[in-house]
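Okay, so here's the structure we're looking at.
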Amino acid sequence: MPRHHGRSEAHLENATAPPVYGRLDALGFFGLYLNGGGGQRVDVLSFDTFTLNLTGVFRRMTLDDDGNLRAYYWTTGDSSAWTSDYKAIAERCELPTSCGAYGLCVPGNAQCQCLDSNGTSPAPPCHGEDTSDLCSTGSSNGSRQLGFDVVRRTRVSVAYKEELPFRTNTTTDGCELACAGNCTCRGALYNGASGYCYLIDFPVETLVYQADDRMLGYFKIRKAATARRGMSPGVTVATVALLLVLAGLAAAGAYWGYRVWERRKRKRAGMEQELVPGSYRDLKSMASSNNSFKA
Numbered sequence: 001m002p003r004h005h006g007r008s009e010a011h012l013e014n015a016t017a018p019p020v021y022g023r024l025d026a027l028g029f030f031g032l033y034l035n036g037g038g039g040q041r042v043d044v045l046s047f048d049t050f051t052l053n054l055t056g057v058f059r060r061m062t063l064d065d066d067g068n069l070r071a072y073y074w075t076t077g078d079s080s081a082w083t084s085d086y087k088a089i090a091e092r093c094e095l096p097t098s099c100g101a102y103g104l105c106v107p108g109n110a111q112c113q114c115l116d117s118n119g120t121s122p123a124p125p126c127h128g129e130d131t132s133d134l135c136s137t138g139s140s141n142g143s144r145q146l147g148f149d150v151v152r153r154t155r156v157s158v159a160y161k162e163e164l165p166f167r168t169n170t171t172t173d174g175c176e177l178a179c180a181g182n183c184t185c186r187g188a189l190y191n192g193a194s195g196y197c198y199l200i201d202f203p204v205e206t207l208v209y210q211a212d213d214r215m216l217g218y219f220k221i222r223k224a225a226t227a228r229r230g231m232s233p234g235v236t237v238a239t240v241a242l243l244l245v246l247a248g249l250a251a252a253g254a255y256w257g258y259r260v261w262e263r264r265k266r267k268r269a270g271m272e273q274e275l276v277p278g279s280y281r282d283l284k285s286m287a288s289s290n291n292s293f294k295a
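Counting in UniProt numbering, the sequence shown runs from 1 upward without gaps.
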């Protein structure tokens with residue numbers, strides 16, 4: 001398949017063409033070759049230090065998490081870290097995930113903002129990447145329901161629209177309809193100048209701001225999950241049954257506590273009735289009457 005970069009391209013015309021091999025050269029370039037790396041050189045990526053003819057350096061090339069291809073070198077002398085020597089994508093806004101899912105990158109200062117907001121933030125916590133189906137199944141009849149909200153925004157594009165499936169000679173409404181009725185479509189980009197409609201059939205990542213009112217975007221964002229929407233009928237029945245059991249246990253505990261309190265109250269009342277108040281004379285007479293039993 002073709003590989004795109006700033007200077008030249010290596011094209012494979014058909015499936016029978018020989019494979020292309022890459023080799024990192026110590027002189028400071030990455031070369032693409034035919035026939036196992038020993039044949040014809042078909043493409044070259046030159047690094048920043050290529051013209052310096054550095055010797056005694058170690059080189060490495062990495063495909064980083066942000067999707068960028070970078071090269072580094074380490075000198076054997078006084079170097080204490082790897083030094084950047086090449087970046088395939090120089091502009092941050094051209095990276096597919098520079099501002100995260102549903103983020104919008106503004107060129108220049110490479111500021112990030114959320115697709116459904118106009119505020120700027122160094123790292124906006126927009127919406128999490130969502131890979132599941134955007135059309136949810138209904139309750140009992142199995143019907144398909146819309147599980148997303150729609151965001152429309154002008155002056156947006158992507159850095160990789162040439163890689164997206166597209167339609168030609170369309171209108172704004174036609175471009176939206178092509179995505180709205182498709183549960184696997186996450187968004188659509190319409191170019192009012194050319195009539196091209198680009199469809200995004202994978203989770204939406206970073207978009208790029210373009211100062212052109214004819215660039216229109218239509219995007220689907222999953223609705224916030226609620227307890228009612230997320231519960232199936234079986235889960236709902238089980239939840240209600242559990243609540244009834246807990247309510248019954250609470251009522252039984254309250255009744256048992258009341259009975260214990262009532263018994264304690266009656267016992268205390270009986271003890272108080274046995275202690276009849278009287279004067280000291282009564283106590284003396286009671287004492288003399290008790291002495292009559294001593295004979």
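Heads up, the beta-carbon is just placed ideally off N, CA and C, and yes, glycines get one too.
Please read all numbers here as calculations on a predicted model, not as lab measurements.
- In this structure, C105 places its C-beta atom within 8 Å of the C-beta atom of C93.
- Annotation: the continuous beta strand (DSSP E) that includes G31 extends over 29-34.
- By the beta-carbon neighbour count (other beta carbons within 10 angstroms, threshold 16), G56 is exposed.
- The C-alpha of F50 is placed about 14 Å away from the C-alpha of W74.
- The beta carbon of C99 lies closer than 6 Å to those of C105, C112, T206 in the same chain, with the five residues before and after it left out.
- In the structure shown, the three-state DSSP call for T51 is helix.
- For the pair T184 and D173, the Cα-to-Cα distance works out to about 18 Å.
- About 6 Å separates the beta carbon of G187 from that of Y218, a gap short enough to meet the 8 Å contact definition.
- Counted as a single uninterrupted DSSP element, the stretch harbouring L177 is not any beta strand (DSSP E) but the alpha helix (DSSP H) occupying residues 172-180.
- Using a 10 angstroms sphere on the CB of A71, the tally of other CB atoms reaches 16 or more, which defines it as buried.
- Here the alpha carbon of N169 sits roughly 29 Å from the alpha carbon of P107.
- With fewer than 16 other Cβ atoms inside 10 Å of its own Cβ, D213 counts as exposed.
- Burial state of F30 is buried, judged by a 10 Å Cβ sphere holding 16 or more other Cβ atoms.
- The distance from the Cβ of G67 to that of L95 is about 6 Å, consistent with a contact at the 8 Å cut-off.
- Annotation for S98: no beta strand (DSSP E) segment contains it, and DSSP assigns it neither H nor E.
- Of the residues R266, D116, A241, the one whose Cα lies closest to the Cα of R222 is D116.
- In this structure, the CA atom of I200 is about 8 Å from the CA atom of P165.
- Non-local beta-carbon contacts of V151 in its own chain, meaning distances under 7 Å to residues more than five positions away in sequence, involve L115, D116, F219, I221 in chain order.
- According to the DSSP assignment, V151 belongs to the beta strand (DSSP E) that extends over 148-154.
- If you ignore the 5 residues before and after Y102, its C-beta comes within less than 6 Å of the C-beta of L115, C126, H127, V204, all in its own chain and listed in chain order.
- Put simply, of G77, R60, D64 the residue whose alpha carbon is nearest the alpha carbon of D85 is R60.
- Its chain contains C185, G187, A188, L199, Y218 as the residues whose beta carbon lies nearer than 7 Å to that of C179, once the 5 sequence neighbours on both sides are disregarded; these appear in chain order.
- Per DSSP, C197 is one residue of the beta strand (DSSP E) stretching across 196-200.
- If you draw a 10 Å sphere on the C-beta of F58, you find fewer than 16 other C-beta atoms in it, and that means exposed.
- Contact between D43 and L32 holds, since their C-beta atoms are separated by about 4 Å, short of 8 Å.
- Judged by DSSP in its simplified three-state form, C112 adopts strand.
- The C-beta of Y190 has 16 or more other C-beta atoms within 10 Å across all chains shown, which makes the residue buried.
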